[in-house]
Amino acid sequence: MCLGIPAKIVEITDADALMAMADISGVRREVNVSCIADGPLERLVGSYVLIHVGFAMAEIDEIEAQRTLEALEALGEAQETLEAITESARALDGARIEENPRFEAPRLGGRVS
Amino acid sequence: MKYVEEFRDPKAAQRLLAAIARTVEEIGATKESPVYIMEICGGHTHAIFRYGLDRLTPAGVEFIHGPGCPVCVLPRSRVDECIELAERPEVIFTSFGDAMRVPGTGKSLMQAKAEGADIRMIYSPLDALALARRHPDREVVFFGLGFETTTPSTALSIQMAAREGLNNFSVFCNHITVPPPIKALLEDPYVALDGFVGPGHVSMVIGIHAYDFIAKDYGKPIVVAGFEPLDLLQSVLMVLEQIRDGRAEVENQYARVVPEHGNPLSLAAISDVYESRPSFEWRGLGEIEASGLRIRAAYRAFDAEEKFGIGYGAGSPREVSEPEGSACGLVMTGRAKPTDCPQYGIGCTPETPLGALMVSSEGACAAYWQYGGMRALEAAG
Amino acid sequence: MLPIGNTAACVRWRLPDEDGQMNMERPTHLRDKIVTMAHGGGGKAMRDLIEDVFTSVFQPDGMEDQARLFDASFSVPGAALALTTDSFVVDPLEFPGGDIGKIAVCGTVNDLAVGGARPLWLSAAFIVEEGCEIALLRRIVASMDEEARQAGVRIVTGDTKVVGRGAADKVFVTTSGVGVIPPGRSLAASHVRPGDVAIVNGVLGDHGVTILAARGDLALSSNLMSDCAGLGHLMEAALKAAPGLRAARDLTRGGLASALNEIAQAAACGIEIVETALPLRPEVSGMCEVLGLDPLYLANEGRLVLFVPEDEAEAALAAMRSVDVGKGACVIGHVVSHHPGMVVMKTRFGGSRIVDMLIGEQLPRIC
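Residue numbers (my numbering), protein chains in the order written: chain V, 5 to 117; chain Z, 48 to 428; chain E, -15 to 351.
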């Protein structure tokens, strides 16, 4: 139900039967593109699709993918800002750190075994 | 691999885990009083365990493994019926690999194959069609299994068979839908959930509004998630943020694949070929209304139940109980962990599975066995 | 005294013809195109088949019921005889990068080599299904001959049986192999100890995935080829550079995971491998993603894992990389004292998971 893999459409192999050749890192399989065949099939060549049991079920939206990755990056920036704030707070608390040797920096990543 | 590798970046994972840890603290959740998040889809269960996400997230987050494993919820009687079909000499029985090792009352498809039944493992229903074309003298039956992700491909295959007049092809339809069991779980007083990670590929077909009832009627947040580790972590973070802020909304983390309203061509094929059964039996959950699909009368010629007189088409479905002493139903609905089942590791192991949860790679028990051993190792110190 | 390895005194190689050329095209007298029950009957038809298809190529010394073999290395005190046997039933019989014959020779040679033995002689028994094309047999025999040359071994005796249609899947091959382990060399899984380094000789899973694709029923195509290869020369190079080498295993059915588990259990040690260190081609990763397979369990036919003491790892790597089949040699993990008998993989996120033995068969999945 869930195993779907992104693949690149490299060729339309049978336009009448709605079949195209999908490529995943050099492995190829002919897939059925009925689910995404709204419009001329040729436009699919070069696009990335989600393959499940031999059918292309969705086109991967490049812009949305970028947006998601950017959100993850931004999380990184927010994280760094937070660390910077924490760092300066700790610097201010420097004296207290000396007194309390058991002070621990915030653990990142929760329980990383 | 494009659209895969980028979503496995360990540095981004670390950042997400840090944000998750912070949000859990803000909520005030702890090991004794955690936030319960259910991942509905078996593929998500598998991914969580494969990447050790359940051990990387803080103790205040507990994953409850949902019933989104179509193999796991398959009643034993259906497997028995598959074997019955396969043992007919004229039949070539085709199935996805997932179902091959699930034990029926007596044996599994794999064992029946070893005993001589013509059972073939295939990757796509298109391959079953090809077999039917190649063997006009045999009856090719395809075991149509799965949630809405897989339903369109079977529907389209039936439409193709109809167009070609491929009369020796039929489908043994066991397709089920996601929203009804979720509703059943939300109605269950014993199940306590704070939020959901929603099935990414099912949603690719049905869209995200199918889950509106979870937020509106039950006040729980749900985030539709992709399958790479960063997708899951980001979705968990989004669920936690909703909980922290007191929101209950449907959000789409997997927007690069999941369109808001699903896939119209897939949905059209499904409604052309299938209709809802009044009720359908789910292992562990019993009968659930309007949760299973059957082939419409117009396509009766391709319905294995009609052709061979089995299953729901053959009068009353047979009663088959759970394997002795096992807790499949409780584990599947998240009320128990695999390790709570008295048979786990004793009578029920991957080599000698009693139920589908130990066989299916998405089943909570199989995932625990394969990946969860680290927990025991760490506990032992 | 004959130098070790010189068997020329007693076994005849194929002789060059008048021009000094090795005549690879043998004249054939057999007119039959397919194997029939008569070819297994023990009479003239069988003799003709054997002579025309097998012995004209393998050229054993005489046609006695047994090969008589001499090698000076056996008279060295402390030398040990190594004996192995194996059966080959691969389907399909021919695939990109090899065939059942190539696997038969390489598999047998490798079983000897990973024990530190110098492979010398093979036997090859064939069970042939009635109706099998003789041209196919010739191709298999040619592969075996070629592979034997490369490995420096000879196929010295054999057997042929024919069974009725349906009683075998075209051709089954059973081999045994004999080699010599020089005195003082003792490789065993139980010698492996904490601190040792685990090294593989190249990318994993090519063979397993090639076979899956070649079966045709998954309709997947790629440029992948089987990694089938003899590992005798690789082992000798490694042993020379790293005399403290503890153990080696070839990674056939059950893949890397099964071999590592066997070693961990025999040595009563833990093994830790690093996910990001495992060498895989993108096509193999892609294929695994499509089918839902785990590359750790894929079969290989030209890959081994070996364990060396830490201070010999660099030398072992360099030596392996100087041999063709070892160009991709790399460290994948090491041996530890905790979690004895278990193999643990550090995932790319820094988490860990246990890598178990393969249970049953790996099946492609949709979920």
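Glycine residues also receive a C-beta, built at the ideal position from the N, C-alpha and C atoms.
Values in this document were obtained by computation on a predicted structure and should not be read as measured data.
### Message
Between M25/V and chain Z, is the shortest Cβ-Cβ distance under 8 Å, so that the two count as touching?
### Response
Counted from its first residue, the first sequence places residue 25/V at position 21. It does not: the Cβ of M25/V has no partner Cβ on chain Z nearer than 8 Å.
### Query
Looking at C-alpha atoms only, which residue of G376/Z, W416/Z, M379/Z, S407/Z is the closest neighbour of A391/Z?
The residue labelled residue 391/Z in the question sits at position 344 within the second sequence. The sequence as given places Tyr at residue 391/Z; Ala does not occur at that position. Of the listed residues, the one whose Cα sits closest to Y391/Z is W416/Z.
### Message
Between which two residues does the beta strand (DSSP E) holding E113/E run?
### Response
As a position in the third sequence, residue 113/E is number 129, starting the count at 1. That run of the beta strand (DSSP E) goes 102 to 113.
### Task
Can you tell me which of V137/E, V157/E, G270/E puts its alpha carbon nearest to the alpha carbon of G189/E?
Start at 1 with the first residue of the third sequence, and residue 189/E comes out as number 205. The residue with the shortest Cα to Cα distance from G189/E is G270/E.
### Query
With V37/E and R133/E assumed to form a contact (beta carbons below 8 Å), what rounded beta-carbon distance in angstroms separates them?
Taking the third sequence and counting its residues from 1, one reaches residue 37/E at position 53. Taking the third sequence and counting its residues from 1, one reaches residue 133/E at position 149. Incorrect: roughly 18 Å between the Cβ atoms, too far for contact.
### Task
Counting only the same chain and skipping the five closest in sequence on each side, list residues whose C-beta sits under 6 Å from that of V120/Z.
Counting from one through the second sequence, the residue named residue 120/Z turns up at place 73. Cβ within range, chain order: P114, W329, R330.
### Task
For the beta strand (DSSP E) holding C220/Z, just list the boundary residues, first then last.
Taking the second sequence and counting its residues from 1, the one referred to as residue 220/Z is at position 173. First-last of the beta strand (DSSP E) with C220/Z: 216 to 222.
### Task
Report the neighbours of A69/V on chain Z: residues whose CB is nearer than 7 Å to its CB, in chain order.
Here residue 69/V refers to the residue found at position 65 of the first sequence. Within 7 Å Cβ-Cβ: Y50, R303.
### Beta-carbon proximity of L232/Z to V118/Z, cut-off 8 Å
Translated into positions along the second sequence, residue 232/Z becomes position 185. Translated into positions along the second sequence, residue 118/Z becomes position 71. Cβ distance not < 8 Å, so L232/Z and V118/Z don't count as in contact.
### D174/Z classed as buried or exposed, judged by whether at least 16 other C-beta atoms fall within 10 angstroms
To locate residue 174/Z, count along the second sequence from 1; it is residue 127. D174/Z should be labelled buried.
### Message
Counting only beta-carbon separations shorter than 8 Å, does E46/V have a partner in chain E?
### Response
Counted from its first residue, the first sequence places residue 46/V at position 42. It does not: the Cβ of E46/V has no partner Cβ on chain E nearer than 8 Å.
### Message
With H, G and I counted as helix, E and B as strand and the rest as coil, what does DSSP make of I247/E?
### Response
For the purposes of this step, residue 247/E is taken as the residue at position 263 of the third sequence. Helix.
### Task
Show which residues of chain E have a CB atom less than 9 Å away from the CB atom of L103/Z.
Position 56 of the second sequence, counted from the first residue, corresponds to residue 103/Z. Those are F333, G334, G335, listed as they occur along chain E.
### Query
Would a check of beta-carbon distances place R111/V closer than 8 Å to chain E?
Start at 1 with the first residue of the first sequence, and residue 111/V comes out as number 107. Note that R111/V has pLDDT 28, beneath the 50 cutoff, so the model's placement of it is unreliable and the number below is only indicative. It does not: the Cβ of R111/V has no partner Cβ on chain E nearer than 8 Å.
### Query
Candidates T39/E, P44/E, S40/E, A231/E: which alpha carbon is nearest R177/E's?
Residue mapping note: residue 177/E aligns to position 193 of the third sequence, counting from 1. The shortest C-alpha separation from R177/E is found at A231/E.
### Task
Along the beta strand (DSSP E) that carries S160/E, what are the first and last residues, could you check?
Residue 160/E sits at position 176 when you count from the first residue of the third sequence. Its beta strand (DSSP E) spans residues 155 to 165.
#### Entry: Residues of the stretch 56 to 68 of chain Z with Cβ closer than 7 Å to any Cβ of chain E, in chain order
P57, A60
#### Entry: Inter-residue spacing [alpha-carbon to alpha-carbon] between E246/E and H323/E
What you label residue 246/E is simply residue 262 of the third sequence in a count that begins at 1. What you label residue 323/E is simply residue 339 of the third sequence in a count that begins at 1. Looking at the two C-alpha atoms, the distance is approximately 14 Å.
### Rounded separation between R15/E and A119/E - CA only
Taking the third sequence and counting its residues from 1, the one referred to as residue 15/E is at position 31. Taking the third sequence and counting its residues from 1, the one referred to as residue 119/E is at position 135. In a straight line, the C-alpha of R15/E is about 11 Å away from that of A119/E.
### Task
Name, going along the chain, the residues of the stretch 195 to 225 of chain Z whose beta-carbon falls closer than 7 Å to a beta-carbon of chain E.
T197
### Query
Between G372/Z and P389/Z, what straight-line distance do the alpha-carbon atoms span, to the nearest angstrom?
One-based indexing of the second sequence puts residue 372/Z at position 325. One-based indexing of the second sequence puts residue 389/Z at position 342. Going from the Cα of G372/Z to the Cα of P389/Z covers about 7 Å.
#### Entry: Rounded C-alpha distance that separates G312/E from A59/Z
Working through the third sequence from its first residue, we reach residue 312/E at position 328. Working through the second sequence from its first residue, we reach residue 59/Z at position 12. Each residue's Cα considered, the two are about 30 Å apart.
### Segment limits, alpha helix (DSSP H) that includes C314/E
Your numbering for residue 314/E matches position 330 in the third sequence. Taken as a continuous stretch (DSSP letters only), C314/E belongs to no alpha helix (DSSP H), being part of the beta strand (DSSP E) at 314 to 320.
### Task
Quick one: measure Cβ to Cβ for A56/E and A101/E, integer angstroms, because I've assumed they're closer than 8 Å.
For the purposes of this step, residue 56/E is taken as residue 72 along the third sequence, with counting starting at 1. For the purposes of this step, residue 101/E is taken as residue 117 along the third sequence, with counting starting at 1. So it is not a contact: roughly 16 Å between Cβ atoms.
#### Entry: 9 Å Cβ cut-off: residues of chain B touching H248/Z
Within the model displayed, chain B is absent; protein chains V, Z and E are what it includes.
### Query
Sorted by chain position, which residues of the same chain lie with C-beta nearer than 8 Å to M21/E's C-beta, five sequence neighbours on each side aside?
Your numbering for residue 21/E matches position 37 in the third sequence. Result list for M21/E: E114, V146, G148, in chain order.
### Message
What residue range does the beta strand (DSSP E) around V270/Z cover?
### Response
What you label residue 270/Z is simply residue 223 of the second sequence in a count that begins at 1. Here the beta strand (DSSP E) through V270/Z covers 269 to 271.
### Query
Does the beta carbon of C351/E sit closer than 8 Å to a beta carbon anywhere in chain Z?
As a first step, residue 351/E is located in the third sequence; it is residue number 367 there, counting from the start. Closer than 8 Å to some Cβ of chain Z, the Cβ of C351/E qualifies, so yes.
### Query
Where do the ends of the beta strand (DSSP E) carrying I253/Z lie?
Here residue 253/Z refers to the residue found at position 206 of the second sequence. From DSSP, I253/Z is part of no beta strand (DSSP E) but of the alpha helix (DSSP H) over 247 to 253.
### Query
Applying a beta-carbon distance threshold of less than 7 Å, which residues of chain V neighbour L173/Z?
Indexing the second sequence from 1 puts residue 173/Z at position 126. Simply N36, G58.
### Query
DSSP puts S326/Z in a beta bridge; with which residues?
Residue mapping note: residue 326/Z aligns to position 279 of the second sequence, counting from 1. S326/Z is bridged to E336/Z.
### Query
Under 8 Å Cβ-Cβ, which residues of chain V neighbour V252/Z?
Counting from 1 along the second sequence, the entry for residue 252/Z is found at position 205. Correct list: M61.
### Query
When DSSP builds the beta bridges, which residues end up paired with L290/E?
Position 306 of the third sequence, counting from 1, holds the residue named residue 290/E. Paired residue(s): I183/E, A232/E.
#### Entry: Within chain Z, the residues that E273/E reaches when beta carbons sit closer than 8 Å
Taking the first residue of the third sequence as position 1, residue 273/E is located at position 289. The contacting residues are M48, V51.
### Query
Where I257/E and R55/Z are concerned, what is the direct C-alpha to C-alpha distance, given to the nearest angstrom?
Here residue 257/E refers to the residue found at position 273 of the third sequence. Here residue 55/Z refers to the residue found at position 8 of the second sequence. Between I257/E and R55/Z, the C-alpha separation is close to 19 Å.
### Query
Taking Cβ positions only, does V118/Z come closer than 8 Å to chain E?
Against the second sequence, residue 118/Z aligns to sequence position 71. By this cut-off, V118/Z is an interface position.
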